[in-house]
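Numbering (the working numbering), first residue to last: 356 to 527. Note that CB positions come from ideal geometry on N, CA and C, so glycine has one too.
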């Protein structure tokens with residue numbers, strides 16, 4: 356569900372105690388990656404990932420009925436090669452990440468009772484990256500600069516897991 360909204364029929368919390376804990380996650384993913392030589396020095400690269408995910412959870416009174424997600428991610432890039440090992444490149448990507456089981460249900464102090472976070476939705480975002488891979492004799496230099504724009508980033512403040520509003524990251 357790319358827009359991060361589940362139907363109320365998909366989510367159900369109950370207080371009946373079940374210490375056994377059952378979680379099922381079924382995922383089917385397809386990944387395609389390719390490279391096309393424009394010339395001896397330039398390559399186009401691309402990839403596409405499509406994933407269907409189905410999760411259900413019952414642990415210590417928290418019941419997460421079956422939730423189905425269908426997501427995709429992909430990227431395109433351009434590589435400039437200098438010899439056999441040196442290159443500079445740029446890429447543009449989209450990405451997603453499902454909430455983990457520990458993020459959906461966490462045991463919190465002081466009594467370590469389960470805290471329900473069943474309203475978490477998958478993170479998603481876009482990224483642009485510029486990079487350099489260079490080597491001289493026994494010395495190697497790998498450098499990256501990236502910027503990410505994310506929706507629904509999953510974080511924890513120590514007592515709760517939740518999705519953030521839009522966030523942005525820059526890295527070197």
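Starting from residue 497, trace the beta strand (DSSP E) both ways and give me its first and last residue. For residue 497, the enclosing beta strand (DSSP E) begins and ends at 494-506.
Residue environment, residue 410, which counts as buried when at least 16 other CB atoms sit within 10 Å: Classification for residue 410: buried.
Could you give the first and the last residue of the continuous alpha helix (DSSP H) run that contains residue 520? DSSP places residue 520 in no alpha helix (DSSP H); its state is neither H nor E.
Measuring only the C-alpha atoms, how far is residue 507 from residue 386? Each residue's Cα considered, the two are about 24 Å apart.
By a C-beta neighbour count over all protein chains shown, 10 Å radius and 16 as the cutoff for buried, is residue 516 buried or exposed? When all chains shown are included, residue 516 counts as buried.
By Cβ distance, which residues of its chain are closer than 8 Å to residue 445, with the 5 residues on each side in sequence left out? If the five residues before and after residue 445 are omitted, its C-beta is found closer than 8 Å to the C-beta atoms of 432, 433, 483, 484, 485, 486, all from its own chain and listed in chain order.
Which residues does DSSP list as the beta-bridge partners of residue 403? Partner(s): 387, 429.
Roughly how far, in whole angstroms, is the beta-carbon of residue 458 from the beta-carbon of residue 475, given that I think they are within contact range, below 8 Å? Confirmed, about 6 Å.
Proximity below 9 Å, CB of residue 504 to CB of residue 526: No, they are not a contact pair.
Excluding the 5 residues preceding and the 5 following residue 451 in the sequence, name in chain order all residues of the same chain whose CB lies nearer than 7 Å to its CB. Excluding positions up to five away in sequence, the list reads 426, 428, 477, 478, 479.
Three-state class that DSSP yields for residue 395 in the structure shown: Three-state result, residue 395: coil.
Chain B beta carbons: is any one of them nearer than 9 Å to that of residue 449? Checking the listed chains, one finds no chain B in this structure; it contains a single protein chain.
My output table needs one value for residue 487: the three-state DSSP class, helix, strand or coil. Strand, per DSSP.
Is DSSP giving residue 456 helix, strand or coil here? When secondary structure is reduced to three states using DSSP, residue 456 falls in the helix class.
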